[in-house]
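What follows is a set of notes on a single structure, which appears directly below.
There are 2 protein chains.
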Amino acid sequence: MTEVEKAAPISGPGDKYQRILDAAVEVIAERGYFNSPVSAIAKRAGVADGTIYLYFKSKDDILRTAIDTTFGRFYKQVEERFRNLEGAREQLEYIAEVHLESHGVNRNMAILMQTEMRQSAKFIAEFSHHHLVKYIQMVREVVRRGQQEGLFRQDVSDGVVAHCMFGAIDELLSSAVFTGRAYDAKATARQVIDVLLNGIGTRASMGRSENV
Amino acid sequence: MTEVEKAAPISGPGDKYQRILDAAVEVIAERGYFNSPVSAIAKRAGVADGTIYLYFKSKDDILRTAIDTTFGRFYKQVEERFRNLEGAREQLEYIAEVHLESHGVNRNMAILMQTEMRQSAKFIAEFSHHHLVKYIQMVREVVRRGQQEGLFRQDVSDGVVAHCMFGAIDELLSSAVFTGRAYDAKATARQVIDVLLNGIGTRASMGRSENV
DNA sequence: GATGGGAATGAGTCTCGATTCATTCTTGGC
DNA sequence: GCCAAGAATGAATCGAGACTCATTCCCATC
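Encoded structure:
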């Protein structure tokens, strides 16, 4: 809050910069990217239309920035925690937890992620795909390590497992977002990983693992 | 293909009607709904812009029709097969298989489903959510039956399981769609259901099922 | 060959919205 | 108090695209 800090009003996250970002996430979550005129974002942020362009190159740029920032936080949080969290199972659970928590942290952002990130619009597709790949990569590594350590079966592709895990969590999140239901991120994460590791089959009926 | 069939040119699926639908799916898969001018769809279908409006009420209406039709086929196919398919596990596997097959059946339609159906645009959201609910419902029923018959664990919510299964499959499909990779629907379905039923944990490491 | 009616056309209308930029406001230094 | 420089404004520009409708085409019937 010193005078020095305030010296980067345009290129860095100043006051209005953040207000515009937040407003954009709100409006886009409500109406969708293509139904959100810049003028609506400006109004919500309490600035003039033109002001937006002092802080962002274009409408695209706002959305890109919002998504990048969110993913950035996600990665950082996971990486930091991993330093003190060894077990493969625990790591998977932590990823699931942080992923599921996003709903509670910022509901609008969660909506935006579920709705706009799938867009085929090239400018979204390119970088959102990049983020997904990184996420999946992270999970695959954990799975592979678990396989090497003998914790996980080796007859299932780590890629398939990673996608299954991501998809399962993402869908739970998505359904919560759309129905507006809340949930306990920690408990849900535990449940998902439980299913992923142990399956839903009862001991009695498990007849397929023999072909390992 | 008889002359009689061709007698419903406007209200039913006549020649141009189908051509417009197909063209729309193609174009929208390539460019996204909001970046697909009606004129582009018309050109692809080889008709004039105005002709579109002889067969569809609006641009929205085309997309809605395409999605509804696809889901309709899906449900019908599953329902029919279920008449001769008893086991809960086999039924889940069949659902997974048909779901995964959609990529092979019509790649463009699969892309469209993955990208446009999540749209927050109200007109899409309302009915696509409805379809999702129906799908999940179907899976839940199978799961519940499996639980009653003692095939599946009873300490996991059928809703959570259904979402996990749907999400896992959908994500695999999605990843295939975006990377352009092909896969064997039947084999992949078996793998997913294998993971869902048996989990990825090895016997040695399974330490959580005791709390049943 | 003429004719009536439905199908098809595509140029034109009308609205909306991203971006620009001439103008106005603010503020820190004198 | 005055001034210059940066920040902010919002009216105006400009293009895009959904939809309309006056006109033309097609063809079955006579």
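Respectively, the protein sequence lines represent chains X and G.
Counting from 1151, one number per residue, gives the positions in the first sequence under the working numbering.
Counting from 1151, one number per residue, gives the positions in the second sequence under the working numbering.
Positions of the beta carbon are idealized from the N, C-alpha and C atoms, including for glycine.
Helix or strand or just coil, what does DSSP make of F1302/G? strand
Residue-chain proximity (N1348/G, chain X), Cβ-Cβ < 8 Å: yes
Going straight from the alpha carbon of E1240/G to that of G1296/G, what length do you get? 11 Å
Minimum C-alpha distance to G1254/G - residue among Y1225/G, L1323/G, R1294/G: For the options Y1225/G, L1323/G, R1294/G, the alpha carbon positioned closest to that of G1254/G is the one of L1323/G.
Reducing DSSP to helix, strand and coil, say where N1361/G ends up. The predicted position of N1361/G is uncertain, since its pLDDT is 41 and thus under 50; no value can be drawn from it.
For S1359/G and chain X, any beta-carbon pair shorter than 8 Å? Unreliable placement is indicated for S1359/G, whose pLDDT of 44 sits below 50; no coordinate value is reported for it.
Whole runs of the alpha helix (DSSP H) within the stretch 1292-1346 of chain X, excluding any shorter than 4 residues: You should have 1308-1329.
Does DSSP put S1349/X in a helix, a strand or coil? A small correction: the amino acid at residue 1349/X is Gly; Ser does not occupy that position in the sequence shown. Coil at G1349/X, not helix or strand.
Who are the neighbours of S1270/G on chain X, taking C-beta pairs under 9 Å? I1178, A1179, E1180, R1181, G1182, Y1183, N1185, I1261, L1262, Q1264, T1265, E1266
Can you list the residues of chain G that D1320/X reaches, using a CB-CB cut of under 9 Å? Here the neighbours are G1317, D1320, E1321.
Hey, is F1328/X's beta-carbon within less than 8 Å of any beta-carbon in chain G? yes
Note down the Cα distance separating N1185/X from H1249/G, rounded to an integer number of angstroms. 31 Å
Give the secondary structure of K1209/G by DSSP, where H, G and I count as helix, E and B as strand, and everything else as coil. helix
So for P1163/X, helix, strand or coil by DSSP? With a pLDDT of only 44 at P1163/X, under 50, the local geometry of the prediction cannot be trusted, and the value read off the model is given with reservation. Residue state, collapsed to three classes: coil.
Answer with buried or exposed for D1320/X, where buried requires no fewer than 16 other C-beta atoms within 10 angstroms of its C-beta. buried
With a cut-off of 8 Å, does the C-beta of S1325/G fall near any C-beta of chain X? yes
Stretch pair the stretch 1285-1296 of chain G + the stretch 1225-1241 of chain G: three plus CB contacts closer than 8 Å: yes
Kindly list, in the order they appear in chain X, the residues whose Cβ is closer than 8 Å to that of L1250/G. Residues of chain X with a Cβ closer than 8 Å to the Cβ of L1250/G do not exist; the shortest Cβ-Cβ separation is about 12 Å.
Return the residues of the stretch 1203-1236 of chain X that lie within a Cβ-Cβ distance of less than 8 Å from chain G, sorted by chain order. Residues: none.
Are there three or more Cβ pairs, one per stretch, closer than 8 Å when the stretch 1308-1315 of chain X is compared with the stretch 1341-1352 of chain G? yes
For L1250/X, report the span of its alpha helix (DSSP H) as first-last. 1238-1255
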